[in-house]
Each structure stands twice: as structure tokens, then as C-alpha cells.
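The structure appears right after this line, and notes come after that.
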Amino acid sequence: MAVMIAVMAVVLFGVSALAVDLGNAWSRGRAVQKQADVTATSAGWRLPMRVSVPAAAPAAIAADAARYLNANRAPGQPVATGSALLDGQRANGEVSFEHADGTACADVCVQMEVVAPAAHVEFGLAGVLGRTAVDVQRVATVRVVSPLPSPADMVPFWLPDGCALGPAAADTTGGNSLAATTTTTVAPSPTPSPTPTATAGATGSPTATASPSATTTTTTTTATTTTTTTTTTVASPGIPVGSHRITSPRTLSVTVGQQLSVSQLQVDSIPSNTDRASIRFYSPDGSTYVDYAAQDVGKTNPLVVPTFTVGGEVSATPGTWRVYALIQAKGNARLEISANHLDYVVVGPSPSPTPTPSPTPTASPTPTASPSLSPSAGPSPTQSPSPTATPTPTPEPAPSPTGVPVGCVGQDRGNFGQLDSPRRDGLTGQRRLAANIAGGLDHQLVPYSFAVGQTVTKECGSGSSWISGAVPDDQPLDGRNCILGDTGNDGPALYDGFVSGTGSRPGRLDVRNGATTCPGRGDLVVGSVRLNNDVLSCFLRNGATLDSLTRTGVSATMLAPEVVDSPRLVWLPVVYATDRAQKRFQPILDFVPGFLTDETQSSAASASNGLAINGNSVKALQVFVFDKAALPVDAQAPTVAYDADLGPSIVRLVG
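In the numbering used here, the protein residues as written are 7 to 661.
Written out as C-alpha cells, the structure reads:
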């Protein structure tokens, strides 16, 4: 009996010792897992990995990972180095790159696996059982994805892509003849006085400036007409060059910051199957463009383009802009860009910046950089995951005002159209439009991605002839990437959606959805309804201006994060340049934020602040559209596969 007790005591002692040591190993494993998770998410801000980009190359990412591994090193672990993490030996830690499906990836890799170096755990009493130590390793996997706006923030309108920055307006079917009942309780906050404008004279002949890939350039001048011909591959992926040409009887030139009325542009050699045409201005560096004068072509050939005004959306950027004619074919909506271009020369240095006053709303902490976010075009060589704030941006010059909404000149009957999106509650017609405004859409829209080499079209097709990958928004289901436009932004339905409410939903601008927070501004009152009366300028920070929100170099330091709480902040899908009367399905290119206001870069908001009301109807609607990089990224936002064209990204732990 005594022998049995002694044997049992030894066994129990050994089991207890093993339990203690295994518990220690388990605890160490948790510490190593946390280390791997922190390292992967912190170094993942550089994703996607790109061999040709130094800041996103494997060596840079591995060096970052080593830094975070060492900063969170567990007992028993060796010091990690960037080179060791890329040597293929998992025992000393490893960083490897993958496609989203987990397969090995050599370049442009959206996923990363981090293996923490082995932590050596010595056993104590458990050594009597023959096991003296164990090595503990853990793995974490992260993936970079592109966030999308929530359906609740999406309003049922769409914007042409050339109108996706600056003020944009929509006309409506009007209202009744009743007097407007809108009043304000305080005067609008002061904003800068408009900059005087002038129409520049035009003399001489244009100078042909080829794009970087141009092959030939010729210029022919007569007494009345100057034609510049440039054979070029336009920096607009997927848009083929057509046979049509654009001409002008005069030089297109303007002083920086001024505006010019452009007339008598002509497009000839138009194919007989052409449906629509528009004029596209490419910036001097080719990074942005603005579309003008979208119109039906019919049987007109040549087409004389109606007069339109080019303002600060172009003239704020000095240099030579390239002007092309863009046409859309009937039936398949195939796009072609003109075989030549004209020059639009903006002469002079950039005007001095004129910062917009920025009163401080309540509680506005300065946003900080996040290691899990990457910039819109991929990691910046100078970006750091440090929690310190990024440098204060340099204010951009404010352009001169124009007689029409900036960036959207010439679009037929307003710059954005109504979106006919189905609802799960089965509502139709005006009630559906009002509900989609008041509460946002009830399902998730996503962008359509044109494949490499795929012909770009303005339409998604119909019936049995959909373009590859098209998912029409004809059912209230997530993942729809082709939207249906509807004619006539219905005034009474807009009134219900924005003001009076529909069903159990208050109007979108009702203060129950967010009180007015801008200092010195009171609520708008429409009948018995109090509406939010914020303006975008009161959320500006760090010397930013409204104009700088529409340029390159935009960051989340430019706006107070509280802007997302204003019911006036909305999101809109973007489609190719077209008339708002388009009634066919169109591919979604992107989503942009807009602020419901008629405040512009150079003028204060009016008493109606972007929502002109006539009785029980909205007769005019205006938003200020800006770069999404100015907004904080919601880590919990819905996402799609990473797409650099969709702006700021999110790094998420997936394994």
C-alpha cells in the first residue's frame, strides 16, 4: 500500500509540475501571438507589397516588422532582423507575401503572413518526465482592403466623374407656387469675398503639346482656324483612340485664377453610330481631368460644342492642359477619345492661398496617423506608423468663382441625377426615393472594376448583353455594381426625404439626426421642422481651405473628425460623364463624399444652405464634393478587395 501511495505521489507530482510548465508555455504562446498580431497590423500599413516601390518593398516591410517584433519581444525570443525575416527559415521568424487567396505572391501582394521568432520556454519540475523545454511560435496574417461608405450614408443620386470635386448642383422637377417657409436663426458665418474674375483674350495659335507617349505632332493655321493634331496614346487606361478630331478657331489661354468662356469648339469625323459627346480637360501632369458639355450628338457632324465656361477648377493649376473630345457609341456605349487634342494654357504662377476661416466646433481633437491605414496611392516613402500627427498641409490657392458649379460645367440640366435603387421594404416611386434619402440605401453598392484590356463603357448593358462582371442594382441585395439613373429629381420626394420625413423616418437633415454644431450658426426652420445648418468650412483644420480638399495631397488632418457626425455629410456613387437623364444601368467607378451646402471656395452659404425650398418641394439642391482622404477611415466599414483607385485603405487581421 505504501509503495502504491509513493508511486501515485510521484505521478501526481509530475502531472502537477507538467501542468505548471505547460501553463507557462501557454501563457508565453499568448504573448507571442499578441506580438505577431501587433507586428502584422503595424507593418501592414505598407501593403500592398510592391517590389518597385522602395517604401513598400519586401526589405522595407521586413525591417518594419523586425522593429515591432523587437519592441514586443517575449522572454526567450532572439532579436529579429529584417534580413532574417526574409531568409526562408521560419524558426527565426519570417515575413511572407500572398495573394488574397493565400497563394504565394511575388509582387503587388495584398496579404502578408508574419511568423514570430520561436520563444524558448524552459521546463522546471516537468523535467523529471524527460521534457526539458519547448519552443513556442505563433503566426498572424493581415490583408489590405478598400473601405466603402455605409449604405446608410449613401444618398440616391449619382455624379459624372468629371464633376466629382467641388460644388455640384441638381435641378428638380420644381415645386408649387407656395412661398418658401425656410428661415435662419442667425446670419451665416463670414467666408472670404469672391475673387474678381475676367475673361481672357485669345490671340495667336495654340502650341501642340504631346503626352509622354505621343508619336507625331503637326499644327496647321489658316486665317480663321487653327487645328492642332497630335497622335498620342492618352493617359486614360482602357479608352481607345478614335478617328474623330477636335478643333478651335482661336487659342485657348487664360491667366491663372481667372475664367474663360469657351466657344466654337468643333468635333468632326464623328462615327455615325455615336450617341453622346463631351469635352475632357487633362491636367498638366495628367493626374486629373474635368469633363464639360455632355450632350446628345444625334446626326450632327461636325458637332459645334455649345459655349461653356472654364473656371478655377482648371485655371487654379498653371501649365498646359490637354483638351480632348470624348464620344460614346450607341448600343454598346463604347468610349473613344479624339485622335488629337487642343492646348488650354493657364499662364502665370499659382495665386497666393486664401485660407477659409475655420471656427472651432465643440470637441475637435487633432486626428492622428494610424499604422493600419495606407495613403490613397499606396504607402508613402515618408509615412510612418508613429502615433504623432502628420505635418500641417500647405493651403492651396482658392480659384475664382464661376457662373456654374465648379468641375461640372455644361452637364445637361444639372450635374447629378437621381438614382432609382430598389428597397427591401418594397417601396416604389416617390416613396422609395424619399426613403432612400431619409435613411440611405438599404443594401451595399460596390464599384465596378474594369479588367486590364477590357473596353471601358459608360453603360453596363441589359438583358443578355451585360458587360463581364456586371451586377445590376435591380434587386435590394449587397454587391450591386451597376446603378440605374432616373429622370427628374422629384421635388416633393426630395422634400420628404430631406425635410419632413417619410413613414417613421425623420428627414435626413432633421436635427434629430444631428444638431447644428458650427459656432454662430442656428438651425434652419422649415414649417415646424428644425434642420441642421452646418457648413463644411467650420470643420476645416490646420490651415486647410475648401479648395485644398479638392486637390492632391489631401489628408485626414484637414477636417475635424466630427464632420462625419453631421447629417449634411453624404456619399454619392460616381459614373462616367453623362447626362443625368440617362436611364440605363451605368458602372459605378467610385464613391465620393459630399457636404450638402451651397458654400463654395469663394462664397458663403446662402440662407437656404444648399436646399432651396418652394412650399412643400425642393427646387434646387447643391453639394460640395471633396476628396475622401480628408475623412477618417472607419475601421469597421464594409470593404471590397483592395483597389488603389478607391483611395485610403484598411489593414485587417484575417488569420
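The C-beta atom is built at its ideal place from N, Cα and C for all residues, glycine as well.
Reference V140; option with closest CA among A440, G35, D553:
G35
Could you compute how far the alpha carbon of P84 sits from the alpha carbon of A125?
Rounded to whole angstroms, P84 to A125 spans 8 Å at the Cα level.
With DSSP run on the structure shown, which of helix, strand or coil describes M564?
coil
I want to know whether the region 258–277 touches the region 306–313 - three or more CB-CB distances under 8 Å.
yes
For the candidate residues R430, S468, A457, A476, whose alpha-carbon lies nearest to that of P482?
R430
Would you tell me roughly how many angstroms separate the C-alpha atoms of L53 and G108, rounded to the nearest one?
Each residue's alpha carbon lies about 15 Å from the other.
Look up P198 in the DSSP assignment and say whether it is helix, strand or coil.
Bear in mind that the predicted position of P198 carries a pLDDT of just 33, short of 50, making it unreliable; the figure below should be weighed with that in mind. Reduced to three states, the DSSP call for P198 is coil.
Please state if the CB of P162 and the CB of L433 are separated by a distance shorter than 7 Å.
no
For V127 and G82, the rounded distance between their alpha carbons:
6 Å
State yes or no: is the C-beta of G497 nearer than 6 Å to some heavy atom of the ligand NAP?
Judged by which ligands are present, the structure shown has none, so any question about the ligand NAP falls away.
In or out: N442 buried (at least 16 other Cβ within 10 Å) or exposed?
buried
Identify every residue that forms a DSSP beta bridge with G469.
According to DSSP, which records beta bridges pairwise, G469 is partnered with nothing at all.
At which residues does the beta strand (DSSP E) containing S284 begin and terminate?
Counting along the chain, the beta strand (DSSP E) containing S284 begins and ends at 280–288.
Euclidean distance between Cα positions of L530 and N538:
Approximately 6 Å, taken between the alpha carbons.
Beta carbon of S102, beta carbon of H250: below 7 Å?
no
I'd like the span of the beta strand (DSSP E) that includes P593, first residue to last.
591–593
Does the Cβ of T138 have 16 or more other Cβ atoms within 10 Å, making it buried, or fewer, making it exposed?
T138 counts as exposed, since fewer than 16 other beta carbons sit within 10 angstroms of its beta carbon.
Neighbour-count burial assignment, V662, 16 or more Cβ in a 10 Å radius:
Outside the displayed range of the chain (7 to 661) lies residue 662, so it cannot be described from this structure.
Close Cβ partners of A289 (< 7 Å) along its chain, the five nearest in sequence each way excluded:
The sequence given here places Ser at residue 289; Ala does not occur at that position. Once the five neighbours on either side are set aside, the close Cβ partners of S289 are Y295, T323, W327.
Measure the alpha-carbon distance for V631 versus P173 and round it to whole angstroms.
6 Å
Are the CB atoms of I489 and Q334 within a distance shorter than 7 Å?
no
Taking the straight line between their C-alpha atoms, what separation do you get for A175 and D93?
Straight across, the Cα-Cα distance linking A175 with D93 is about 57 Å.
Beta-ladder partner(s) of I252, from DSSP:
V273
Nearest-angstrom Cβ-Cβ length linking D649 and S468, presumed shorter than 8 Å
So it is not a contact: roughly 26 Å between Cβ atoms.
In terms of residues, what are the limits of the alpha helix (DSSP H) holding E605?
No alpha helix (DSSP H) holds E605; DSSP gives it neither H nor E.
Do R340 and T463 have their C-beta atoms within less than 7 Å of each other?
yes
Leaving out five residues before and five after Y501 in sequence, what residues of the same chain have Cβ atoms less than 6 Å from its Cβ?
N622, S623, V624
If you run the structure through DSSP and keep just helix, strand and coil, what is P498?
The three-state secondary structure of P498, taken from DSSP, is helix.
Own chain, CB closer than 7 Å to A2, minus 5 neighbours either side, in chain order
The displayed coordinates of the chain run from 7 to 661. Any statement about residue 2 would go beyond what the structure contains.
Helix, strand or coil for V631 per DSSP?
strand
Per DSSP, cross-strand counterpart(s) of Y298:
I285
To which residues of the same chain is S293 closer than 8 Å at the C-beta, ignoring the five residues directly before and after it?
Cβ contact annotation for S293 (same chain, cutoff 8 Å, sequence separation greater than five): T558, in chain order.
DSSP three-state assignment for D651, whether helix, strand or coil:
helix
Just verifying my parser: in three-state terms, what is the DSSP assignment at A457?
coil
Environment of M662 [buried if 16+ CB atoms lie within 10 Å]:
Outside the modelled stretch of the chain, which goes from 7 to 661, sits residue 662, for which no answer is possible.
Since V150 and R56 should fall inside the 8 Å C-beta cutoff, what is the C-beta to C-beta distance between them, to a whole number of angstroms?
Not really, about 11 Å apart at Cβ, beyond 8 Å.
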